[in-house]
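Following: one structure in structure tokens, then a few remarks.
In our numbering, the protein residues as written are 3 to 140.
Shown next, in the form of structure tokens:
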């Protein structure tokens, strides 16, 4: 369902059990940087209206699966997820932006799909437990 920035931010405020100011701040900054006024929310994922860019993941789950069709993981889209251990990236993903997964301390291993063309600097910065990165078909 397509929604505007204001609607998305209101939903975030209602869903945030502890009034997580960091999530609201990061999401607000991300929405401001994008030209579009319309976004969609699927489960805990905030996406651009076309579903091709992941803007932000809400919550702090141990396992996250990025839906098929996402081509770009945006700046700080999965930032500071202290409990994230397992991340499933979709086939067709093309780009992981700067600081996309910054400070995900429990993340141990990541498999990068063969479709990824660019991983920007510091995409996995301060992921202290990250020991192994697999690149498909390399």
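Cβ coordinates follow ideal geometry from the N, Cα and C atoms, glycine included. Just so you know, these numbers come straight off a predicted model, no measurement behind them.
Endpoints, beta strand (DSSP E) assigned at residue i
| i | result |
| --- | --- |
| residue 112 | 111-114 |
| residue 55 | 55-59 |
| residue 40 | 40-44 |
| residue 68 | Looking at the DSSP string, residue 68 is not in any beta strand (DSSP E), and its letter there is neither H nor E. |
| residue 137 | 134-137 |
Given residue i as reference, the closest of the options once Cα atoms are compared
| i | options | result |
| --- | --- | --- |
| residue 65 | 58, 89, 132, 82 | 89 |
| residue 84 | 99, 77, 92, 60 | 60 |
| residue 99 | 111, 107, 106, 120 | 120 |
| residue 52 | 63, 46, 70 | 70 |
| residue 129 | 78, 137, 118 | 78 |
| residue 139 | 132, 104, 93 | 93 |
| residue 109 | 42, 75, 95, 62 | 62 |
| residue 87 | 56, 115, 103 | 103 |
| residue 123 | 111, 97, 116, 107 | 97 |
| residue 118 | 57, 72, 58 | 72 |
Local Cβ density within 10 Å of residue i, reported as buried at 16 or more and exposed below that
| i | result |
| --- | --- |
| residue 44 | exposed |
| residue 101 | buried |
| residue 125 | buried |
| residue 47 | buried |
| residue 136 | exposed |
| residue 131 | exposed |
| residue 134 | exposed |
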